[in-house]
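Trainee:
There are 2 protein chains.
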Amino acid sequence: MINKNSPIPIYYQLEEKIKGQIEQGELQTGDMLPSEREYADHYAISRMTVRQAISKLVNDGYVYRKKGTGTFVAEKKIEQPLQGLTSFTEDMKARGMTASNRLIHFKTIPASTYVAHSLNIPVDSPVYEIQRIRLADGVPMALETNFLSATLVQGLSEEVVQSSLYDFIENKLNKKIGHATQIIESSIVNETEMELLEVKKDSPVLLIERKTSLEDGTPLELVKSSYRADRYRFIINMERN
Amino acid sequence: MINKNSPIPIYYQLEEKIKGQIEQGELQTGDMLPSEREYADHYAISRMTVRQAISKLVNDGYVYRKKGTGTFVAEKKIEQPLQGLTSFTEDMKARGMTASNRLIHFKTIPASTYVAHSLNIPVDSPVYEIQRIRLADGVPMALETNFLSATLVQGLSEEVVQSSLYDFIENKLNKKIGHATQIIESSIVNETEMELLEVKKDSPVLLIERKTSLEDGTPLELVKSSYRADRYRFIINMERN
DNA sequence: TAGTGGTCTAGACCACAAG
DNA sequence: TTGTGGTCTAGACCACTAA
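Note that the protein sequences, when read in sequence, are chains A and B. For what it's worth, the UniProt record's numbering labels the leading residue of the first sequence as 1, then goes sequentially. For what it's worth, the UniProt record's numbering labels the leading residue of the second sequence as 1, then goes sequentially.
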């Protein structure tokens, strides 16, 4: 079951194996896992390698350790939330819906003070502004506006925007996305949103402003979205310290 | 600087030391850290111990590793978000405000179907229901209702509720909080909220439903809150996969 | 080629939990 | 007392990066 000659790291093989056993029900909630020494003996690997595998599972909330007692399968989390950073497309897919776009505009503009500050670039330097209606199963779900530095993200086109922006950044530009900070607030639709989102006057919306950064902390993207409150709820999972 | 005879683990001492250097500016954004081997030599500890310290820092987003190159200080995150799970009191403190409560009611009720399902207990089993107005600097910020199983959390009283619920659970009952799942939506105030939150008719509110679980996954608490949209924004940080 | 992080080993001693 | 996870050592080889 564990291939020591595989280029896939042993700890990762073991991690996936245990995760699979939990998902398949072979290991049930509350069950004690074999001890680290048992895993080590059984697969003829070092205990430190076993610990590396289990540590990942602890981090992801699949299992928890009890000092002096053992390692146990944790209860499953209720609704699967956004696992870290997801694009709108991935988010909708996870909710069982199909995402599509309606491009409102794609242009290059000089950075406003706020955008420049957010992206940590000079005021008036070129910025891509992309505005789209995001649809789920054909129904308007959100109005989204993205701002990206045209200096950092070169070669962006309407075609790329219509497919996957994150794919382009991660695979074509070879930049690794690190983390995002999101500010979520509640509001009432304005005139533009009312028309584009096809809702009544004074309907509530969820405003989400996301600032995404690369692994080294360089600001990559500023996104402002207005989600229809009647069709969208934001779900997140927060782990203990 | 590193005390090998201290009961405090070496990896933790090193982790705190490096974190301090980053916060004090001795190590600046983009700076390369000494290599793992240098740390090991310098403090006469094993490289694996150094890795353990640095891994924590990578997880927390302080530094990032570049294969074959080195470890670097990441850019600081913009606004400090809720670091994992925080209580209302801690949250307000982080925002530079003082929190206070106005207890609406504290009672024991039979669990409704929804509450029973959320807390994974039988319908009609006893549940504490606590409703409070949460104030920041004396101004109403949110209306919050908590539901806790009276079987799991025994001995809860009005006094405890007035001070710190989490302190009571973690230190008196000795139960470790694990994670929480939150559902965030946008809405318009109802009559009750309008009066208690002292806002006008049709004002927007941020609805947050939080389900908190213990380390082993046992549901601990269900909280439903309505935050005034004009005074509260929810800020979160999401890390890469 | 030299240096870095990524992975792995085969031990060791400790504190803690449970019988 | 036995078994568990928590910490730590002193090596090793690998793939990758940069000079």
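Glycine included, C-beta positions come from ideal geometry on N, C-alpha and C.
For valine 139/B, does the three-state DSSP call read helix, strand or coil?
Mentor: Your numbering for residue 139/B matches position 139 in the second sequence. Three-state DSSP puts valine 139/B in a strand.
Trainee: Can you say whether isoleucine 54/B is buried or exposed, counting buried as having 16 or more other CB atoms within 10 angstroms of its CB?
Mentor: Taking the first residue of the second sequence as 1, we reach residue 54/B at position 54. Flag for isoleucine 54/B reads buried.
Trainee: I want to see whether chain B comes within less than 7 Å of valine 223/A, judged by CB atoms only; does it?
Mentor: For the purposes of this step, residue 223/A is taken as the residue at position 223 of the first sequence. No - not a single Cβ of chain B is within 7 Å of the one on valine 223/A.
Trainee: Taking C-alpha atoms, which residue in Asn120/A, Ile133/A and Asp124/A lies nearest to threonine 89/A?
Mentor: Within the first sequence, the letter at position 89 stands for residue 89/A. That would be Ile133/A, whose Cα lies nearest to the Cα of threonine 89/A.
Trainee: Drop a sphere of 10 angstroms on the beta-carbon of glycine 61/B, count the other beta-carbons inside from all chains shown, and report buried for 16 or more, exposed for fewer.
Mentor: Your numbering for residue 61/B matches position 61 in the second sequence. Per the 10 Å Cβ criterion, buried.
Trainee: Mind listing which residues of the segment 189 to 200 of chain A have their C-beta closer than 9 Å to chain B's C-betas, in chain order?
Mentor: Answer set for the segment 189 to 200 of chain A: empty.
Trainee: With 16 as the cutoff for other CB atoms within 10 Å, does serine 226/B come out buried or exposed?
Mentor: In the second sequence, counting from the first residue as 1, residue 226/B sits at position 226. Buried.
Trainee: With H, G and I counted as helix, E and B as strand and the rest as coil, what does DSSP make of asparagine 120/A?
Mentor: Stepping through the first sequence from its first residue, residue 120/A is reached at position 120. Looking at asparagine 120/A - three-state DSSP - the assignment turns out to be coil, as it is neither helix nor strand.
Trainee: Which residue or residues does DSSP assign as beta-bridge partners of asparagine 237/B?
Mentor: Within the second sequence, the letter at position 237 stands for residue 237/B. Answer by DSSP bridge pairing, in chain order: Thr181/A.
Trainee: By Cβ distance below 8 Å, which residues in the same chain neighbour glutamate 79/A in space, the five residues on each side in sequence not counted?
Mentor: Within the first sequence, the letter at position 79 stands for residue 79/A. Unreliable positioning characterises glutamate 79/A in this predicted model, as indicated by a pLDDT of 47, which lies under 50. A coordinate reading is not provided.
Trainee: Check whether chain A comes within 7 Å of isoleucine 45/B, counting only Cβ atoms and requiring the distance to be less than that.
Mentor: To locate residue 45/B, count along the second sequence from 1; it is residue 45. So no, isoleucine 45/B is outside the interface.
Trainee: Given this structure, state the Cα-to-Cα distance separating isoleucine 183/A from serine 157/A, to the nearest angstrom.
Mentor: To locate residue 183/A, count along the first sequence from 1; it is residue 183. To locate residue 157/A, count along the first sequence from 1; it is residue 157. C-alpha separation (whole angstroms): 28 Å.
Trainee: Where does residue 243/B sit, in a helix, a strand or coil, going by DSSP?
Mentor: Missing from the structure shown is residue 243/B; chain B here goes from 1 to 241 and no further.
Trainee: According to the neighbour-count rule (16 or more other Cβ atoms, all chains shown, within 10 Å of its Cβ), is leucine 173/B buried or exposed?
Mentor: For this step, residue 173/B is matched to residue 173 along the second sequence. Exposed.
Trainee: Residues of the segment 53 to 68 of chain A with a CB closer than 8 Å to any CB of chain B: list them in chain order, please.
Mentor: Taking 8 Å as the Cβ-Cβ cut-off against chain B, the residues of the segment 53 to 68 of chain A that qualify are Asn59, Gly61 and Tyr64.
Trainee: Going along the chain, which residues of the segment 157 to 188 of chain A sit with their C-beta nearer than 8 Å to a C-beta in chain B?
Mentor: Those would be Lys176, Ile177, Gly178, His179, Ala180, Thr181, Gln182, Ile183, Ile184, Glu185, Ser186, Ser187 and Ile188, in chain order.
Trainee: How about alanine 136/B: is its C-beta nearer than 7 Å to some C-beta of chain A?
Mentor: For this step, residue 136/B is matched to residue 136 along the second sequence. Answer no: the Cβ-Cβ gap between alanine 136/B and chain A never drops below 7 Å.
Trainee: Under the assumption that serine 186/B contacts valine 205/A (Cβ atoms under 8 Å), give the Cβ distance between them as a whole number of angstroms.
Mentor: For the purposes of this step, residue 186/B is identified with residue 186 of the second sequence, where counting begins at 1. For the purposes of this step, residue 205/A is identified with residue 205 of the first sequence, where counting begins at 1. Right, their Cβ atoms sit about 6 Å apart.
Trainee: What is the rounded straight-line gap between the Cα of tyrosine 12/B and the Cα of threonine 71/B?
Mentor: Taking the second sequence and counting its residues from 1, the one referred to as residue 12/B is at position 12. Taking the second sequence and counting its residues from 1, the one referred to as residue 71/B is at position 71. Each residue's alpha carbon lies about 18 Å from the other.
Trainee: Give me the Cβ distance between glycine 25/B and threonine 29/A, rounded to the nearest whole Å; I'm assuming they're in contact under 8 Å.
Mentor: Here residue 25/B refers to the residue found at position 25 when the second sequence is read from its first residue. Here residue 29/A refers to the residue found at position 29 when the first sequence is read from its first residue. Rounded, the Cβ-Cβ distance is 46 Å, inconsistent with contact.
Trainee: Counting only Cβ pairs nearer than 9 Å, list the residues of chain A close to leucine 206/B.
Mentor: For the purposes of this step, residue 206/B is identified with residue 206 of the second sequence, where counting begins at 1. Ile184, Glu185, Ser186 and Leu206, listed in chain order.
Trainee: DSSP on tyrosine 232/A, reduced to helix/strand/coil?
Mentor: Here residue 232/A refers to the residue found at position 232 of the first sequence. Coil, per DSSP.
Trainee: Would you say phenylalanine 106/A faces chain B, with C-beta separation under 7 Å as the test?
Mentor: Position 106 of the first sequence, counting from 1, holds the residue named residue 106/A. So, not an interface residue.
Trainee: Label valine 36/B either buried or exposed according to how many other C-beta atoms from any shown protein chain fall within 10 Å of its C-beta, with 16 as the threshold for buried.
Mentor: Position 36 of the second sequence, counted from the start, is the residue given in the question as residue 36/B. Before going on, a small fix: residue 36/B reads as glutamate here, not valine. Burial call: buried.
Trainee: Keeping to the same chain, check which residues put their C-beta closer than 8 Å to that of leucine 135/B; ignore five residues upstream and five downstream.
Mentor: As a working mapping, residue 135/B is identified with position 135 in the second sequence. Ala99, Ser100, Asn101, Arg102 and Met141, listed in sequence order.
Trainee: Taking the beta strand (DSSP E) that residue 267/A falls in, what are its first and last residues?
Mentor: Since the first and last residues shown for chain A are 1 and 241, residue 267/A lies out of range.
Trainee: Less than 8 Å between the CB atoms is what I'm expecting for leucine 222/A and serine 118/A, so what's the real figure, rounded?
Mentor: In the first sequence, the residue the question calls residue 222/A occupies position 222. In the first sequence, the residue the question calls residue 118/A occupies position 118. Confirmed, about 5 Å.
Trainee: Give me the chain A residues within the contact set of arginine 233/B, using Cβ-Cβ distance strictly less than 8 Å, ordered along the chain.
Mentor: The residue you call residue 233/B lines up with position 233 of the second sequence. Within 8 Å Cβ-Cβ: Ile183, Ile184 and Glu185.
Trainee: Pick helix, strand or coil for threonine 49/A, following the three-state DSSP scheme.
Mentor: Reading the first sequence from its first residue, position 49 is the one you call residue 49/A. Reduced to three states, the DSSP call for threonine 49/A is helix.
Trainee: With leucine 214/A and leucine 220/A assumed to form a contact (beta carbons below 8 Å), what rounded beta-carbon distance in angstroms separates them?
Mentor: What you label residue 214/A is simply residue 214 of the first sequence in a count that begins at 1. What you label residue 220/A is simply residue 220 of the first sequence in a count that begins at 1. Sure, about 5 Å apart at Cβ, within 8 Å.
Trainee: Leaving aside the five residues before and after threonine 181/B along the sequence, list all residues of the same chain whose C-beta is less than 6 Å from its C-beta, in chain order.
Mentor: Taking the first residue of the second sequence as position 1, residue 181/B is located at position 181. Taken in chain order, the residues that qualify are Lys211.
Trainee: Taking Cβ-Cβ distances shorter than 8 Å, what residues in chain A pair up with asparagine 146/B?
Mentor: Taking the first residue of the second sequence as 1, we reach residue 146/B at position 146. Within chain A, no residue comes near asparagine 146/B; the closest Cβ sits about 17 Å away, beyond 8 Å.
Trainee: For the beta strand (DSSP E) that contains arginine 37/B, what are its first and last residues?
Mentor: Residue numbering aside, residue 37/B sits at position 37 when the second sequence is read from its first letter. Here arginine 37/B belongs to no beta strand (DSSP E); instead the alpha helix (DSSP H) covers 36 to 43.
Trainee: Take the Cβ of valine 63/B as the centre, count every other Cβ of all protein chains shown within 10 Å, and call the residue buried at 16 or more, exposed below.
Mentor: Within the second sequence, numbered from 1, the residue matching residue 63/B stands at position 63. Buried, by the Cβ-count rule.
Trainee: Between Ile104/B, Leu197/B and Asp137/B, which lies nearest to valine 161/B when the distance is taken from Cα to Cα?
Mentor: Your numbering for residue 161/B matches position 161 in the second sequence. Of the listed residues, the one whose Cα sits closest to valine 161/B is Ile104/B.
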